[in-house]
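Enquirer: One structure, as structure tokens, below. Some questions next.
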Amino acid sequence: MDIEQALEIVGETNPGMVRSHNEDSVSYDAACGLVVLADGMGGYNAGEVASGITVSVMTTEIKHRLQNVSPISRDEATGEELGVALLRENVQKANASIYNAAQSQPQYAGMGTTVVAGLFYDNRVVVAHVGDSRLYRLRGDEFGPITRDHSLLQEQIDSGMITPEDARLSKNKNLVTRAVGVEPEVAAEVHVHGVQVGDIYLLCSDGLNDMVEDEDIGSTLQMLQANLPLAASQLIQIANDNGGRDNVSVILVKVKGEFAAPRSWLAKLLLWFKN
Amino acid sequence: MAAKLILSMDGVVLKEYALNKERMTIGRKAHNDIVIDNLAVSGEHAAIVTILNDSFLEDLDSTNGVAVNGTQIKKHFLQNNDVVEIGKYKLKYLNDQQGQATAADFEKTMVLRTPVGSATSAVKKTEETASFMKTQVNVAPAAMEHEATGKFEAVSARPQAAQHEATGKYAATAPAAVPPAAPVSPAAGVPPAAVQILTGPNTGKELDLVKNLTTLGKPGLQVAVLTRRPHGYFITHVEGANFPVVNGTSLNEHPRQLNDHDIIELAGIKMEFYFKG
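Here it is, written out as structure tokens:
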């Protein structure tokens, strides 16, 4: 199945109930299977600038590269699969753009952004993330995060200092240990996950998961999966009904069919021998 | 503003201590940060580790133990107004970050540049701006009874119970309850309401709307969702070629607020929405 028919994607972003402007940016393109969500930070409008740069660098660069080459080919420089290399490299590229802009423009000093991005191809999804924007997956009855936040709280949970239950009471929310654009270099965390027909993927900024319990996010997706745009706006509505203290952004990806990458007869033969 | 401990005995305040160090010890011996010179107190009795705005209390294997709000603890994540008891002494923990920060500081995401541990000085902004507001979380009241009798069934959407039978049964799903630790949902303040089935084999059955979301209808044919929000109940079309009809008027894709005694028609079944009590 063509990837554009295999994936249904919707996205929505909302300033929330307290903030006057929206520092989140979202972008999605079913034709190349790419989804990107960023949550910017920094004074004045610097947060919007940082998240906007990240989303536009990643979408334009990756789309451009995938016009001529397949994501399953090898990247010559790193030996990685191209789809993986593209996400990794372009988070780095966005990092450099933001860092340089912040260095040259005093009003943008210190700006940065989180990012979570997914590239779907060949019945898989490559996920890159930096900071506390998340990717969740609903598969059958199971719902939960696939990414692990780069945050102080997550480190405290990992080290056993605080239990996940107590973490809800922490006053140290929203402290990220990694961000795009604040240092000359950034390492994105990149993983590859197999995709199944029927899966629903949710990318969101912390404005959603800080305001709405995971259980409620999961049951909302489960109940409204037949109507993806309604599910997206419902999630934002719940976050806002609960106080909406931060910008809220969601991207939902529903896998409606298989999307194996097209291969040459030789590649198919080799793959057949490998299995 | 750093959090602080107020030391008292028999209701008399003795001293106030700001938690301005990463680790502070409490004990009888003079080298402790908080010295309580009493034989019921061990040499090194307890320690408090503070990381930015969170403080953790730990019993250092003391002879007589440490209690927080009347319960013996080994380790405890301190919350505003907790009372720590060591012998006859009480230490009240105050950390009213929320009242002290300005609205603009709430919920701002910031970057920590150095590894945790030396975190106190590592925040990009100053201590004052690193104040955060705890967020309210959405909580649904106690789980709905699983009614599997008859064709009209209510299924809790909690994973293990969510065997959504698409066999043409008339199903209603509601989201699962979340653990009781979370604060109360803002939507819990709306008056309770229910729908009662008026036609078909389940005539007379009543469904209490105790969840933030309740879906009604036949999956694959026609489904609508009833949402409970702080300012009332709403019905929205989810799937199917036909839209639900309320008081004889068909809905469009937008939600519609429900009023007392509205009549809903959905998948060939008529039902009445009403407020209870």
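In the order they appear, the protein sequences are chains A and B. With the first letter of the first sequence counted as 1, position 242 gets the number 242 in the numbering used here; the numbers rise by one all the way through. For any residue, its number in the numbering used here is found by taking its place in the second sequence, counting from 1, and adding 275. By construction, the Cβ of each residue, glycine as well, lies at the ideal position given by its N, Cα and C atoms.
Classify ASP329 (chain B) as buried or exposed, calling it buried when 16 or more other Cβ atoms lie within 10 Å of its own Cβ.
Expert: Classification of ASP329 (chain B): buried, given that the 10 Å Cβ count is 16 or more.
Enquirer: Using the Cα positions of VAL212 (chain A) and ILE311 (chain B), report the straight-line distance between them to the nearest angstrom.
Expert: Distance between the alpha carbons of VAL212 (chain A) and ILE311 (chain B): 44 angstroms.
Enquirer: Write down every uninterrupted run of the beta strand (DSSP E) in the region 200-257 of chain A whose length is 3 residues or greater and which is fully enclosed by it, in chain order.
Expert: The qualifying runs are 200-204 and 248-255.
Enquirer: Give a yes or no on whether the C-beta atoms belonging to LYS551 (chain B) and LEU473 (chain B) are separated by under 8 angstroms.
Expert: Not in contact: LYS551 (chain B) and LEU473 (chain B) (Cβ atoms no closer than 8 angstroms).
Enquirer: Hey, GLU514 (chain B) and ASN227 (chain A): beta-carbon distance below 8 angstroms or not?
Expert: In contact: GLU514 (chain B) and ASN227 (chain A) (Cβ atoms closer than 8 angstroms).
Enquirer: Can you give the Cα-Cα distance for GLU142 (chain A) and VAL197 (chain A), rounded to whole angstroms?
Expert: So the two alpha carbons sit approximately 14 angstroms from each other.
Enquirer: Indicate the three-state DSSP secondary structure (helix, strand or coil) for HIS21 (chain A) in the structure shown.
Expert: Here HIS21 (chain A) sits in coil by DSSP.
Enquirer: Return the first residue and the last residue of the alpha helix (DSSP H) that TYR299 (chain A) is part of.
Expert: With chain A covering only 1 through 275, there is no way to say anything about residue 299 (chain A).
Enquirer: How would you label TYR121 (chain A), buried or exposed, when you count the other beta carbons within 10 angstroms and need 16 or more for buried?
Expert: Buried.
Enquirer: Should ILE326 (chain B) be flagged as near chain A, meaning a C-beta pair shorter than 8 angstroms?
Expert: Interface residue, yes.
Enquirer: Check each candidate in A:ARG263, A:GLU155, A:LEU221 and A:LYS256 and name the one with the smallest Cα separation from GLN5 (chain A).
Expert: Of the listed residues, the one whose Cα sits closest to GLN5 (chain A) is A:LYS256.
Enquirer: Between LEU82 (chain A) and LEU135 (chain A), is the Cβ-Cβ spacing less than 8 angstroms?
Expert: Their beta carbons are not under 8 angstroms apart, which means LEU82 (chain A) does not touch LEU135 (chain A) by this criterion.
Enquirer: Does the region 215-230 of chain A come close enough to the region 30-39 of chain A to have 3 or more Cβ pairs within less than 8 angstroms?
Expert: Not touching, per the Cβ criterion.
Enquirer: Please list, in chain order, the chain E residues whose beta carbon lies closer than 8 angstroms to that of ASN172 (chain A).
Expert: Absent from the structure is chain E; the protein chains it does hold are A and B.
Enquirer: Excluding sequence positions up to five away, which residues of its chain have a Cβ less than 7 angstroms from the Cβ of GLU155 (chain A)?
Expert: THR177, listed in sequence order.
Enquirer: Which residue spans inside the region 109-177 of chain A form an unbroken beta strand (DSSP E) run of at least 3?
Expert: Listed in chain order, the complete beta strand (DSSP E) runs (minimum 3 residues) inside the region 109-177 of chain A are 112-121, 124-130, 134-139 and 142-145.
Enquirer: In the DSSP assignment, what are the bridge partners of ARG298 (chain B)?
Expert: In DSSP, ARG298 (chain B) forms a bridge with B:VAL324.
Enquirer: Check the Cβ of GLU514 (chain B) against every Cβ in chain A and list those closer than 8 angstroms, keeping chain order.
Expert: The answer, in chain order, is ALA226 and ASN227.
Enquirer: Quick one: which chain B residues come within Cβ less than 7 angstroms of LEU230 (chain A)?
Expert: THR511 and VAL513, listed in chain order.
Enquirer: Which residues of chain B have a Cβ atom closer than 7 angstroms to the Cβ of ASP166 (chain A), listed in chain order?
Expert: Result: PHE352.
Enquirer: Figure out for me which residue from B:GLU481, B:HIS512 and B:TYR292 has the closest Cα to the Cα of LEU496 (chain B).
Expert: With distances taken between Cα atoms, LEU496 (chain B) lies closest to B:HIS512.
Enquirer: Which residues of chain B have a Cβ atom closer than 7 angstroms to the Cβ of ALA179 (chain A), listed in chain order?
Expert: Near ALA179 (chain A) (Cβ distances below 7 angstroms), the residues of chain B are VAL386.
Enquirer: Please name the residue or residues paired with ALA499 (chain B) in a DSSP beta bridge.
Expert: Bridge partners of ALA499 (chain B): B:LEU491 and B:HIS512.
Enquirer: If contacts are defined as beta-carbon pairs under 8 angstroms, then VAL386 (chain B) and VAL182 (chain A) qualify, I think. What distance do you get, rounded to the angstrom?
Expert: Their Cβ separation, rounded to whole angstroms, is 5 angstroms, which keeps VAL386 (chain B) and VAL182 (chain A) in contact under 8 angstroms.
Enquirer: Is there a Cβ of chain B sitting closer than 8 angstroms to that of GLY112 (chain A), yes or no?
Expert: So yes, GLY112 (chain A) belongs to the interface.
Enquirer: Who are GLN347 (chain B)'s beta bridge partners in DSSP?
Expert: The partner list for GLN347 (chain B) (beta bridge, DSSP) reads B:ALA342.
Enquirer: Between the region 1-19 of chain A and the region 238-258 of chain A, can you find at least three pairs of beta-carbon atoms closer than 8 angstroms?
Expert: Result yes; three or more Cβ-Cβ pairs closer than 8 angstroms.
Enquirer: I'd like to check one pair, LYS279 (chain B) with LEU294 (chain B): are the Cβ atoms closer than 8 angstroms?
Expert: For LEU294 (chain B) and LYS279 (chain B), yes; Cβs fall inside 8 angstroms.
Enquirer: How far does the alpha helix (DSSP H) with GLU185 (chain A) in it extend, from its first residue to its last?
Expert: No alpha helix (DSSP H) holds GLU185 (chain A); DSSP gives it neither H nor E.
Enquirer: Whose Cβ in chain A lies nearer than 8 angstroms to the Cβ of THR490 (chain B)?
Expert: Simply MET223 and LEU224.
Enquirer: Residues bridged to GLU547 (chain B) by DSSP?
Expert: B:GLN471 and B:ILE538.
Enquirer: Label VAL69 (chain A) either buried or exposed according to how many other C-beta atoms from any shown protein chain fall within 10 Å of its C-beta, with 16 as the threshold for buried.
Expert: With fewer than 16 Cβ atoms within 10 Å of its Cβ, VAL69 (chain A) is classed as exposed.
Enquirer: My guess is that ASN90 (chain A) and GLU61 (chain A) are in contact by the Cβ rule of under 8 angstroms, so how many angstroms apart are they, rounded?
Expert: 5 angstroms between Cβ atoms; contact.
Enquirer: Name, please, each residue of chain B whose Cβ falls closer than 7 angstroms to the Cβ of VAL182 (chain A).
Expert: In chain order: VAL386.
Enquirer: Are ARG88 (chain A) and VAL190 (chain A) close, meaning C-beta to C-beta below 8 angstroms?
Expert: Contact: yes.
Enquirer: Ignore the nearest five residues each way along the sequence and tell me which others in MET469 (chain B)'s own chain have a CB closer than 7 angstroms to its CB.
Expert: Checking the sequence, you will find Ala at residue 469 (chain B) rather than Met. If we look at ALA469 (chain B) and ignore the five residues flanking it on each side, its Cβ neighbours are GLU481, LEU482, ASP483, LEU484, TYR549 and LYS551.
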